[in-house]
Amino acid sequence: MDVLLRPRQGPGPRVLREPARGELPRPEEHGSHPRAHHRRRPARGRGVSDLYVAAGGGGDPLGTLIAARTVTVAPDPPLIATYAWERPEISDTPGPLGERHFTGLARGAGGAPAFTPGTRARRPAGSTLPGLAADLPARLLLLDPAGGLTALAGRIGAMAEAAGGRIRIVDIGGDILTHGDEPGLCSPFGDALTLAACHLTGMPTTVYVAGPGLDGEIDERTLLARLPGCHPLTPGPAAASAAARALAWHPSEASALWAAAVHGARGTVRAVNHTAELTGVSPKLYHLPLDEAVAHNPVARALLAERPETLEEAADLSHRLTGIHGLASEQARTPRQVPPAGGTAFLDRDVALKALREAAAGAEHVTFRYAARSLGLAWTDIPALRELLGSDTPLLRLT
Numbered sequence: 001m002d003v004l005l006r007p008r009q010g011p012g013p014r015v016l017r018e019p020a021r022g023e024l025p026r027p028e029e030h031g032s033h034p035r036a037h038h039r040r041r042p043a044r045g046r047g048v049s050d051l052y053v054a055a056g057g058g059g060d061p062l063g064t065l066i067a068a069r070t071v072t073v074a075p076d077p078p079l080i081a082t083y084a085w086e087r088p089e090i091s092d093t094p095g096p097l098g099e100r101h102f103t104g105l106a107r108g109a110g111g112a113p114a115f116t117p118g119t120r121a122r123r124p125a126g127s128t129l130p131g132l133a134a135d136l137p138a139r140l141l142l143l144d145p146a147g148g149l150t151a152l153a154g155r156i157g158a159m160a161e162a163a164g165g166r167i168r169i170v171d172i173g174g175d176i177l178t179h180g181d182e183p184g185l186c187s188p189f190g191d192a193l194t195l196a197a198c199h200l201t202g203m204p205t206t207v208y209v210a211g212p213g214l215d216g217e218i219d220e221r222t223l224l225a226r227l228p229g230c231h232p233l234t235p236g237p238a239a240a241s242a243a244a245r246a247l248a249w250h251p252s253e254a255s256a257l258w259a260a261a262v263h264g265a266r267g268t269v270r271a272v273n274h275t276a277e278l279t280g281v282s283p284k285l286y287h288l289p290l291d292e293a294v295a296h297n298p299v300a301r302a303l304l305a306e307r308p309e310t311l312e313e314a315a316d317l318s319h320r321l322t323g324i325h326g327l328a329s330e331q332a333r334t335p336r337q338v339p340p341a342g343g344t345a346f347l348d349r350d351v352a353l354k355a356l357r358e359a360a361a362g363a364e365h366v367t368f369r370y371a372a373r374s375l376g377l378a379w380t381d382i383p384a385l386r387e388l389l390g391s392d393t394p395l396l397r398l399t
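Counting from 1, one number per residue, gives the positions in the sequence shown under the numbering used here.
Given below as structure tokens:
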């Protein structure tokens, strides 16, 4: 069953732009003895945190927070580094955003740019990260890959050293373990870049796969075959509830699917670009050493072997190996939708639910991003749509 999201979101979503002028068994780590295990890690002292890296950007910080609450009992907000890699419906600027795309950034661990509720994206860019900085109990740092692989590794290394010297990469769905030829693969570049950069730091690093298959890129069975001998962690409801305030408005689908699974949701879910099946495996958080993850990922291996100097050269390498250009894939996959004026004002609840049931073709749940698009709404209408439909759950239940 689904569980309520608490507390309720306020009046609107948190896309922020600059105003227009005028542990259980402990996972193995890169640099540690193979297959060494440990208990869930206790707090290490106030203000000290491992560096969590949200591998894919976008909505991954939400799932990364849930993972952090599962891996450690530290009372302080976790330190999460993330790309500002937004979907085209959120930002008119393609590719990952960098420091130049924001105003109001602070300075965080290792001198890295940090998001605050007062940060704004410079038009035409848009970003949900300032809103996440307001609504997630976490400290969010910006990963800017514009300088290329080596510069990114240096920035991650400085962050991790300032934070305590350990890196934990979190990927929601599991495409970080791609072999490059899966039929559903659509966005391998960001994950591979993260793996390669963290490898270059030489710091102890663990890779976490949350909710295998939930992002629709690699199926659950295939991923489990790539995680032999792993003893997964199981987040509790409190870990998922930590992201509730942001999940109430954010269009992330993979993190919402994982949170719903942690809260007990099972069955078929219709998302914008795929249909997911929530199973008993879906709530799990798997872990493996960085070297094993790199061994799976041909793009990460090639990045480490060739050391491209620029981000564009790195993306070209990904395109050569997978047929997917990392700086263009999301634009091509989900064309920008122009919603009609009026939002939910003219929608009737029963009519909306009937339309969604017909569109979902028998699925028990839909993501709120899917629901908004199916009804001709923008993702920014999600809070109003939740209110109209009377839903406080990570997913909208249709049955």
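From the three backbone atoms N, C-alpha and C, an ideal C-beta is built for every residue, glycine too.
Y83 and G95 have their alpha carbons spaced roughly 10 Å apart.
Within the same chain, and ignoring the five residues on either side of I382 in sequence, the residues whose Cβ sits closer than 7 Å to its Cβ are P13, W249, P251, F368, A372. Among the bridge pairs identified by DSSP, F189 is matched with none. Looking at the DSSP output, P113 sits in a beta bridge with R107. Around the beta carbon of A225, fewer than 16 other beta carbons sit within 10 angstroms, so the residue counts as exposed. Of the candidates V351, L353, D175, A378, the residue whose Cα lies closest to the Cα of T322 is D175. Burial check for E99: the Cβ neighbour count within 10 Å stays below 16, so the residue is exposed. For the pair P232 and T70, the Cα-to-Cα distance works out to about 11 Å. Annotation for L140: no alpha helix (DSSP H) segment contains it, though the beta strand (DSSP E) segment containing it runs 139–143.
DSSP places S241 within a helical segment (H, G or I) once states are collapsed to three. With respect to R107, A114 sits close: the two C-beta atoms are nearer than 8 Å. For G267, no alpha helix (DSSP H) encloses it; the enclosing beta strand (DSSP E) starts and ends at 267–270. The beta carbon of D219 lies closer than 7 Å to those of G213 in the same chain, with the five residues before and after it left out. Judged by DSSP in its simplified three-state form, H179 adopts coil rather than helix or strand.
Within the stretch 269–314, the runs of beta strand (DSSP E) at least 3 residues long that lie entirely inside it are, in chain order, 275–278, 285–289. T399 carries a coil assignment under DSSP once its states are collapsed to helix, strand and coil. Contact annotation: R397 and H365 have beta-carbon atoms nearer than 8 Å.
By the neighbour-count criterion, in which 16 or more other beta carbons inside 10 Å mark a residue as buried, V294 falls on the buried side.
Rounded to whole angstroms, the separation of the alpha carbons of A158 and G111 is 8 Å. Under DSSP, the beta-bridge partners assigned to T82 are A54, L142. The alpha-carbon of G118 is positioned some 11 Å away from that of L132. By the Cβ test, the stretch 232–246 is not in contact with the stretch 196–206, since fewer than three Cβ pairs between them sit closer than 8 Å. The beta carbon of A361 sits closer than 8 Å to those of R270, all from its chain and outside the five residues before and after it, given in chain order. Distance from the Cα of P298 is smallest, within the candidate group R87, A160, L193, for L193. Under the 10 Å beta carbon count, A305 is surrounded by fewer than 16 other beta carbons and is classified as exposed. Note that the C-beta distance between A276 and G216 is below 8 Å. In the three-state DSSP reduction, T206 falls in the strand class (E or B).
Here the alpha carbons of L288 and R307 stand approximately 24 Å from one another.
The continuous alpha helix (DSSP H) containing V262 extends over residues 254–262. Within a 10 Å sphere around the beta-carbon of T103 sit fewer than 16 other beta-carbons, which makes this residue exposed.
Taking the C-beta atoms as reference points, G59 is found nearer than 8 Å to S255. Cβ contact annotation for A55 (same chain, cutoff 7 Å, sequence separation greater than five): I169, V170, D171, I176, G190, D191, T194, in chain order. Of the residues A109, T128, L62, A81, the one whose Cα lies closest to the Cα of S91 is T128. By the C-beta density criterion, G63 is buried, having at least 16 other C-beta atoms within 10 angstroms. With respect to the 8 Å criterion, L311 and G148 are classified as neighbours on the basis of their beta carbons. Nearest neighbour of D50 by Cα position, chosen from R87, L141, R349, G57, turns out to be L141.
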